[in-house]
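Structure first, commentary second.
Structure, rendered in structure tokens:
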């Protein structure tokens, strides 16, 4: 946010669904802006249409949710924090190992790391140094120029928002 005055004639969109109490909207806004990305990543890796099995969300939007991907549980711990090192990622556990995706801070020019643990051995896979926001902008321009469908489409975002609303409706109903 800046100290600049808002130009005249620009209508503000409502910052939450009609059913949501005004006091809950800042936490919901935080949830959508911060935590929807890891939910979207889980959907990309595990399946596009999970159901919300459990959720315990605080007023800030932080908390824990468990998504059910056709019998595969995915527990997400969603934590707000401004101190300490950046920690965002996803771990998928298997019978004899795990795959962990560690995501860099959004403004860092570094690639995500993939850690494969198998039978007690750990292997770290890294890509070339890059910047996620630059790759996102390049992909957007490429999709527009080629009239292509983006990897994360508007329809995909609607699914993320529907999941977020389910979580927050569960919070509202107690």
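Numbering (the working numbering), first residue to last: 20 to 193.
Cβ atoms here follow ideal geometry from the backbone N, Cα and C, with glycine treated the same way.
Quantities reported herein were computed from a predicted structural model and do not represent experimental measurements.
Item                                                                                                                                                                    : Value
Between 165, 115, 117 and 99, which has its C-alpha nearest residue 80's C-alpha?                                                                                       : 99
Would you list, in sequence order, the uninterrupted beta strand (DSSP E) runs of no fewer than 3 residues that lie entirely inside the stretch 52-108?                 : 70-76, 82-88 and 91-97
Residue 175 and residue 55 - do their beta-carbons sit closer together than 8 angstroms?                                                                                : no
Going along the chain, which residues of its own chain have a beta-carbon closer than 8 angstroms to the beta-carbon of residue 149, five neighbours each way excluded? : 128, 129 and 130
By alpha-carbon positions, which one of 30, 182, 187 and 31 ends up nearest to residue 67?                                                                              : 182
Looking only at its own chain, which residues have a Cβ that is under 6 angstroms from the Cβ of residue 116, when we skip the five neighbours before and after it?     : 136 and 137
If residue 86 sits next to residue 69, beta carbons under 8 angstroms apart, how far is it from one beta carbon to the other, in whole angstroms?                       : 4 angstroms
Near residue 82, what residues of its chain come up, given a Cβ to Cβ distance below 6 angstroms and the 5 sequence neighbours on each side ignored?                    : 75, 76 and 97
By DSSP, does residue 147 sit in helix, in strand, or in coil?                                                                                                          : coil
Thinking C-beta only, is residue 109 closer than 8 angstroms to residue 58?                                                                                             : no
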